[in-house]
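> Each step along the sequence shown adds one to the number in our numbering, with nothing skipped, and position 516 is 633.
Structure in C-alpha cells, see below.
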Amino acid sequence: MFQNIAKSIFGSSNDRYVKSIGKIVNQINALEPQIQALSDDELKAQTDKFRRMLDDGAKIDDVLPEAFATVREASVRVLGMRHFDVQMIGGIVLHRGEISEMKTGEGKTLVATLATYLNAIEGKGVHVVTVNDYLARRDAEWMGKLHNWLGLSVGVIVPNMNEFERREAYNADITYGTNNEFGFDYLRDNMKHSRDQMVQRPFNHAIIDEVDSILIDEARTPLIISGPTEDKSDLYVALDEIVKEVPEDWFEKDEKTRNIQLTEDGTEEIEKLLIEKGLLETDNLYDVENTQVVHHMDQALKAVHMFKRDTDYIVKDDKVVIIDEFTGRMMDGRRWSNGLHQAVEAKEGVKIEPENQTMASITFQNYFRMYPKLSGMTGTAATEAAEFWDVYKMNVVEIPTNVPVQRIDEDDEFYKNTMDKFQAIAKAIAEKSKIGQPVLVGTVSIEKSELLSQFLEKEGVAHEVLNARQHEREAHIVAQAGRLGAVTIATNMAGRGTDIQLGGNVDFRIGDELGDLEDGPKRDAEIERIKAEVAAEKQKVLEAGGLFVLGTERHESRRIDNQLRGRSGRQGDPGLSRFYLCLEDDLLRIFGPDTLFAKMMNSNLADGEAIGSKWLSKAIETAQKKVESRNYDARKQVVQYDDVMNDQRKVIYEQRGEIMETGSVEDVVTDMRHDTINALVTAACPPGSYPEQWDIEGLKEKVDDVFGIQPPIDEWLEEDAVEPEIFEERIQAETDAIMEKKIAETEGGIWRQIEKSILLERLDYHWKEHLATLDALRQVVYLRAYAQKQPINEYKQEAFGLFDSMLDNLREDVTKILVKAQIQPQPAPMEQPLPDLPDFLTGHIDPLTGLDNSNDGDGSAERPELFGALAGSPRAAAGPGGAFVEDPYRDQNVSRNAPCPCGSGNKYKHCHGAIGGKAPA
C-alpha cells in the first residue's frame, strides 16, 4: 500500500528514468532550427563531420544530440516523417543497450533509425534483427533510403543469397536480417576452411525488433546445422503400424511437456508386439541393443497420439509442413529432430526423408550475448523484464505513447463449453459488423479459426481468415483489417509487421488498384480519390468505435494477449478489446482443471450462459504467470546445458580461427605428435609403477599402429636405469626424423597446406561426433535424478571428460594421418567437377521435444556455403571462359538433386546450381 502511495507521488522508477532522458531530448529539440537551416548537401556532410569527431577522440554520446537531430531532419526530407519526442526517447534507450517497450503503431521501425545511424557512424557495423524475411527486406528498403541519403551503406541478409552477396551485406554499415539467418551464418562461418570464405565481421551492436519474440519465445530452440544419416523408413513404418494399435490405457500423456510415457502393462504389451514383428535385438525392450528401437517407438507414440494435423502441422503437396506455434505460419522445409518428423511422415503415409545428424548448433541466448552491445524494441516486454535482465542484462524501459491510449479493455466473458463460446462470439461479431465496426479475431490454431469461420458463415458474416493456409496474402489481409465492417480472423498477430489502419491502408490500395496504371495525371487523380475514400471511411469507423479486438481464448503468455490487444487503439484511435473463454480452452483444461473456479462453473453455469468479473480475469492471469514461470524454467534449463557446450564451442571456434589465420601449423602438429607420444607412454607405463607392471606389448602395438614404426623397446628395457621418459624421448626422435624427411621430400609449402587441411578436417569431424555424443548424453542424463543427483551437474562433469577425450582422439588422429601420409607427385590438375555434396539442412530445434521453430527458407540454397566460396559464387554457374554468371533459378528453392529447370537433363547442382565447373552448353 505504501509503495502505491509513493508511486502516485514520486512516479515509478521507469517514469523517473524516462523523465531524465527528457533532458537529452530537449538538447536535440534545441538543435532543430540550426539543423533545419542546413542545405541537403550540408545535412549529408554531417556524417563525415561526426566521424572526424570520433576520430579526434570524442565519445559517441558526445555526438548523440546533433546526430539524432540530423536523422530527424533527414527523415522529414527523405521519408516525410518527423520523429516524435517519445520516439527520440526510444532511440536513446536503444543506444544505451536497453529494451524500448513501445505500443503498437508508435513507429518502432522509425525509432530504430536513430540508434542505428549513431552506432553505424563508427564503421564497425550494426545488425538490425527482424522476425521474418519480409520485414528484413521491407525495412532495409524503406529505412535504407534514409541511411543511404546520409551516406551510410545498407545491406540485407535473406535466404538463398550466395556467399559474395552475404559478405557484401555484412560489410555494409547497417545490415538487416532475420535472427535465424544471422545465427546460421555464424555457424556456417565456423565450418569453413579459410578466413576469406567467412562472411561475418566481428560483432558490434545488434538491435532486435520484436525482441520478446526472438529472445523469449524462440530462445528455447537452438539453431542447428545438420547432415543426413542412413535411411530407416521401414522401421518408422513398422513402428507406426504398431503404435496405431496401442489403446490409450497403455500410456500416460503429459500435455504440459508434450510427452508420452508407457505404463507398466503397456511396456509389456508393446514388447510382445515388437518381438512378433522381429524389431528387437533381444527379448528385453530396455536392453542397450534396443536403444534405437525404443527411441523411435517413443517418437511414434508422440506423432500418433500427441501431434495433431492442422494444429501442429499440415500435409501439403505430399509433405508434412510444420506450423509455427508462435506465429501460426507454415515453415516449408523445416523438420522436427530426433526422428519425430519421420514418425509424423509415417503416420500420414507420405514420403519419409532420412534423419539428420547435428554438425553445429547454438542457442539464441549464447549467440546474441556475443554482441558487445545488444538492444531491442517491442510492444510487450514488461511481463518478461526479469528474464531479460537475468539472461541478457537488458533493462526494459516503458516509453509513453505519443497520444494517450483510448482503447477500452473489457473483462473476459466465461462460457461452459466451446460451442456456447463460439456461438456467442459469432453473434457479437455479427452485431459489430452491422454497425460497421471492424473486428479482429485472435485464435490459437488453424482448427479454431476454421471452426469460427463456419459459425460466421451461418450468421452470414463476410470475413477473411489469416493463418498458415493464407500465408501469401498475409500483408494484404492485415493492411485492410481496419476497413468499415471488415472481419479478420488471425491465428496469431505477433510480428506481422503491418499496422492495421482504420479505414484501410492507402499504400496497399494504390498497389492493388493502380498497379498497372502508369505515372501521370490520371494516376495522380486516382491516388487522390483513394486517399479521400480512405479518410471518409476512417471517419465512419471512428464513429462506430474503432477496431474491436476479440480473443477467442487466452494464450499461455500474457504478452501474446497484449500483442493482440495492442492492434487496437493505435495512435490515440478509439478501440475495444474483449476475450471469450471456456473450460475447454487449453489454458484452463491443462493448467486449472481441478480449481474451485472450474468446479463452480461446471455446477452453476447453464448452457449458453456467460459470466464475467475482474476476479475471474485475475485468476486467469495468475494461471498465465504460472505457465510463464514454467516456460522460463524450461528456457533457463536449455541455456544451462548450452552454456556447457558454449564454453567448448568457444575453444573449438577460437582454435579454428587461429589455424585459419596462421600460414603454418607446424608448431601445432608437432606439439600434437609429442603429446600423443607422451599419452601412449604414460598409459603403458603409469607414473609410480614398477617396470614389471608396464604394458610393453601394448605400447609396441600402439606405436606401430599410430606411427608405423617398431622401435627396439625390448632392448631399451635391458639398459640400466631405464625410465619412461627415455622411451618418450627416443620415440619422439624417430618420429621427428620421419617427419623431417617427409617435409624435405615435398615441394615448397605444399606440406604446410596439407597439415593445415588435415588438421581442420579432423577437428571438424571430431567436433561433429562430440556434438552427437553430447546430444545422446543429454537424453539420458535426466535418469541420474533417480540417484539423487543433479542432472545438470552430471552433464557438466561428463561433458568435460568427453571434451578431453575428444581432444586426445584428435591429437592421435591427426598425428597418425600425417605420419603415414604418402605424398605422390601429381601432374597439373585438369578442371574437374566437384564431387556431390551431402544435403546439409538448417533447423531451429527444441532439444527437449524436437519442435522446430525456424521460419526462413528451406536451407537448400545455403548448403554449399558450408564449404566456402570454392568457385567464387556458390549459386552461380560458369559461363564462357570460366566466368561465373548469375543463376536465374536461385530464388526458386530448387532442390539440388532435382532436374535443372533449364531443361538440360542434368541435375540442378551440376547445371545452373553448380558450385564450380562449367555450365552446360
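Quick reminder that beta carbons are idealized off the backbone N, C-alpha and C, glycines included.
Remember, predicted model here, so these are calculated numbers, not experimental data.
Please state whether DSSP places A642 in a helix, a strand or coil.
Residue state, collapsed to three classes: helix.
> I believe G815 touches A796 by the beta-carbon criterion, under 8 Å. Please report the beta-carbon distance rounded to the nearest angstrom.
Actually they do not touch by this definition, with Cβ atoms about 13 Å apart.
> In whole angstroms, give me the CA-to-CA distance for L888 and Y882.
10 Å
> Quick check: the Cα distance between N288 and E282, rounded to an integer number of angstroms?
10 Å
> Just to confirm the assignment, what range does the beta strand (DSSP E) spanning F696 have?
691–699
> Is R375 helix, strand or coil by DSSP?
coil
> Compute the beta-carbon to beta-carbon distance between D326 and L390, rounded to the nearest angstrom, for a pair I have assumed lies under 8 Å.
Not a contact, Cβ separation roughly 51 Å.
> Using C-beta distances below 6 Å, list every residue in its chain close to N236, excluding the 5 sequence neighbours before and after it, in chain order.
V243, H322
> I think K468 touches D415, with their Cβ atoms under 8 Å apart; what is that distance to the nearest whole Å?
That belief does not hold up - the Cβ atoms of K468 and D415 are roughly 23 Å apart, past 8 Å.
> Should G197 go down as buried or exposed, given a rule of 16 or more other Cβ atoms within 10 Å for buried?
exposed
> Do three or more CB pairs link the region 529–536 to the region 690–700 at distances below 8 Å?
yes
> According to DSSP, simplified to helix, strand and coil, what is M447?
strand
> Rounded to a whole number of angstroms, what is the C-alpha to C-alpha distance between K161 and E239?
16 Å
> Below 6 Å CB to CB, which residues in the same chain sit around D792 once its five sequence neighbours on both sides are set aside?
Result list for D792: R928, in chain order.
> According to DSSP, is R524 part of a helix, a strand, or is it coil?
R524: strand per DSSP, three-state reduction.
> In terms of alpha-carbon separation, which member of Y903, E223, Y807, K873 lies closest to R497?
Position check: residue 497 holds Thr in this sequence, whereas Arg was assumed. Of the listed residues, the one whose Cα sits closest to T497 is E223.
> With distance defined between alpha-carbon atoms, name the residue in R790, A543, I644 nearest to I855.
R790
> What runs of the alpha helix (DSSP H), each 4 residues or longer, lie entirely inside the region 287–364?
296–306, 350–360
> Under the DSSP definition of a beta bridge, which residues are partnered with A491?
The sequence shown places Leu at residue 491, not Ala. Its beta-bridge partners are A323.
> Across which residues does DSSP place Q474 in a beta bridge pair?
G344
> Using three-state DSSP, classify V243 as helix, strand or coil.
strand
> Around the Cβ of D290, are there at least 16 other Cβ atoms within 10 angstroms (buried) or fewer (exposed)?
buried
> On the three-state DSSP scale, how would you describe I439?
strand
> Can we say the region 619–626 touches the region 591–600, given the rule of at least three CB pairs closer than 8 Å?
yes
> Closer than 8 Å by C-beta to L569: which residues in its own chain qualify, once you throw out the five before and the five after it? Chain order, please.
F539, I542, A543, V558, T560, I606, T669
> In chain order, what residues of the same chain have a beta carbon less than 7 Å from the beta carbon of V508, not counting five sequence neighbours either side?
Q482, V756
> Taking the straight line between their C-alpha atoms, what separation do you get for R675 and E183?
Going from the Cα of R675 to the Cα of E183 covers about 39 Å.
> Anyone know if the C-beta pair for G689 and V520 falls short of 9 Å?
yes
> Looking only at DSSP bridge pairs, what is T605 linked to?
L557, E581
> Determine the closest residue to W453 out of R213, S343, L834, D629, with distance taken between C-alpha atoms.
S343
> Identify whether K433 lies in helix, strand or coil by the three-state DSSP scheme.
strand
> Taking the straight line between their C-alpha atoms, what separation do you get for F201 and V210?
14 Å
> Let me confirm a value: D788 is counted as buried when at least 16 other C-beta atoms fall within 10 Å, else exposed. Which label applies?
exposed
> Helix, strand or coil: which one does DSSP assign to S130?
helix
> What is the DSSP secondary structure of R452, reduced to helix, strand or coil?
coil
> At a cut of 8 Å, does the region 835–855 reach the region 870–882 through at least three beta carbon pairs?
no
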